[in-house]
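Peer 1: Just so you know, we're using my numbering here: the sequence shown kicks off at 7 and counts up by one.
Note that the Cβ used here is the ideal one computed from N, Cα and C, for glycine as well.
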Amino acid sequence: MSLLAEQRREVIVEQVRSRGAVRVSELADHLGVSEMTVRRDLDVLARRRLVDKVHGGATAVGEHTTSEPGFAAKSVCELEEKDVIAAAAAELVTPGAAIGLSAGTTTWRLARLLAAVPRLTVVTNSVAVADAFHTGGADARGTTVILTGGVRTPSEALVGPVAITALRSLNLETVFLGVHGMSAAAGFSTPNLTERDTNRALIESGSRLVVVADHTKWGTVGISTIAELSEADVLVTDSGLADADRAVLEGEVDHVIIARPGR
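#1: Residue range of the beta strand (DSSP E) that Ile263 falls in?
#2: Spatial neighbours of Asn205 within its chain, please: CB distance less than 6 Å, with the 5 preceding and 5 following residues excluded, ordered by chain position.
#3: Whole angstroms is fine: what's the gap from Leu247's alpha carbon to Asp220's?
#4: Taking the alpha carbon of Trp114 as the reference point, which residue from Leu85, Thr226, Ala104 and Arg125 has its own alpha carbon closest?
#5: How about Val242 and Ile105: are their beta carbons less than 9 Å apart?
#6: Pull up the CB-CB distance for Ala95 and Val185, whole angstroms please, since I reckon it's below 8 Å.
#7: Pick out whichever of Ala238, Val19 and Gly155 has its Cα sitting closest to the Cα of Thr180.
#8: On the three-pair Cβ rule with 8 Å, is the segment 112–129 touching the segment 188–200?
#9: So, Val240 versus Arg214, is the Cβ gap smaller than 9 Å?
#10: Hey, is the segment 168–180 in contact with the segment 132–144, meaning 3+ C-beta pairs nearer than 8 Å?
#11: Please name the residue in Ala93, Ser40 and Val44 whose C-alpha comes closest to that of Glu3.
#12: Go ahead and pull the three-state DSSP assignment for Glu179.
#13: State the start and end residues of the unbroken beta strand (DSSP E) segment that holds Val185.
#14: Report buried or exposed for Ala79, applying the criterion of at least 16 other Cβ atoms within 10 angstroms of its Cβ.
#15: Quick one: Cα of Asp49 to Cα of Leu183, how far?
#16: Which runs of the beta strand (DSSP E) fall wholly inside the segment 149–178 and span at least 3 residues, in chain order?
#17: Keeping to the same chain, check which residues put their C-beta closer than 7 Å to that of Arg55; ignore five residues upstream and five downstream.
#18: Name the DSSP bridge partner or partners of Leu107?
#19: Distance check for Arg46 and Arg53, CA to CA, integer angstroms please.
#20: Is it buried or exposed, Gly155, if we count other Cβ atoms within 10 angstroms and call 16 or more buried?
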């Protein structure tokens, strides 16, 4: 039985390393065991520092400030938190608004909700975000989606001079920004230098900046700062954020919204 357990854990490590992140439910289905068994295995592997255990799954260890997980890997992490954040952020958008959405899995989930809001003008540098509006029926509601050009990153962002030039000519009411990390020292950051420049252009095109980031982003630092904490007009995060970290953010950001289920 011990050998079988070790074989199972080897499979888990292989899945996490190849995909960047996996959910407990996916591992249970793949291995044909219960979710409780998978959670025990993850506890063992986390103690061995072979994976990082997160809510609902596990991620690869040893990431550096330049490490950039792919969109698929990030899209399976903190789904509940991202959904409540998206629901709270969607309340900040009214019909007919002109808004910008950066690339990211939280902004992607926000886009799925905003597809129901009529007559929006949406600018994004994310193919996934643009697709979310299209598949959500936004076209029928009179919404216009403008997708910038650019070079695609592992996180499915379109970045570079083409995207920056397009964004600098625009005047948007609100920009929704997803981030790789946030901290008191580094502000809101990204592991991709080119994405930083594109996101700066997107921020500067808007009158109001709303950052959407779940609590696991606190303390994570990418190589390049996109914006200081104080540049955000609104931060929407979830209740998993520690009180001390919330106090730091409230000292810098004009309005911190703690999203909870059933808002």
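Peer 2: The answer reads as follows:
#1: Working through the sequence shown from its first residue, we reach residue 263 at position 257. Element bounds for Ile263: His261 to Ala265.
#2: Residue 205 sits at position 199 when you count from the first residue of the sequence shown. Closer than 6 Å at the Cβ level, and outside the excluded window around Asn205, lie Ser108 and Ile232.
#3: As a working note, residue 247 is residue 241 in the sequence shown. As a working note, residue 220 is residue 214 in the sequence shown. For Leu247 and Asp220, the distance between alpha carbons rounds to 8 Å.
#4: Counting from 1 along the sequence shown, the entry for residue 114 is found at position 108. Of Leu85, Thr226, Ala104 and Arg125, the residue nearest in Cα terms is Leu85.
#5: Here residue 242 corresponds to residue number 236 of the sequence shown, with the count starting at 1. Here residue 105 corresponds to residue number 99 of the sequence shown, with the count starting at 1. Result no, Cβ atoms of Val242 and Ile105 do not sit closer than 9 Å.
#6: Stepping through the sequence shown from its first residue, residue 95 is reached at position 89. Stepping through the sequence shown from its first residue, residue 185 is reached at position 179. The Cβ separation is near 13 Å, so there is no contact.
#7: Taking the first residue of the sequence shown as 1, we reach residue 180 at position 174. Nearest of Ala238, Val19 and Gly155 to Thr180, Cα basis: Ala238.
#8: no
#9: Indexing the sequence shown from 1 puts residue 240 at position 234. Indexing the sequence shown from 1 puts residue 214 at position 208. A contact, by the Cβ cut-off of 9 Å.
#10: no
#11: With the chain covering 7 to 269 only, the question about residue 3 has no answer from this structure.
#12: Position 173 of the sequence shown, counting from 1, holds the residue named residue 179. Glu179 falls in the strand class under three-state DSSP.
#13: If you number the sequence shown from 1, residue 185 lands on position 179. Neither: Val185 is in no beta strand (DSSP E) and is coded neither H nor E.
#14: Start at 1 with the first residue of the sequence shown, and residue 79 comes out as number 73. Low confidence applies here, because Ala79 scores a pLDDT of 49, under 50, leaving its location unreliable; read the following figure in that light. Label assigned to Ala79: buried.
#15: Residue 49 sits at position 43 when you count from the first residue of the sequence shown. Residue 183 sits at position 177 when you count from the first residue of the sequence shown. Asp49 and Leu183: Cα-Cα distance of roughly 33 Å.
#16: 150–153
#17: Translated into the one-based positions of the sequence shown, residue 55 becomes position 49. Closer than 7 Å at Cβ, skipping near neighbours: Val67.
#18: Your numbering for residue 107 matches position 101 in the sequence shown. In DSSP, Leu107 forms a bridge with Thr130 and Phe182.
#19: Taking the sequence shown and counting its residues from 1, the one referred to as residue 53 is at position 47. Taking the sequence shown and counting its residues from 1, the one referred to as residue 46 is at position 40. Rounded to whole angstroms, Arg53 to Arg46 spans 11 Å at the Cα level.
#20: Here residue 155 is taken as the residue at index 149 of the sequence shown, counted from 1. With fewer than 16 Cβ atoms within 10 Å of its Cβ, Gly155 is classed as exposed.
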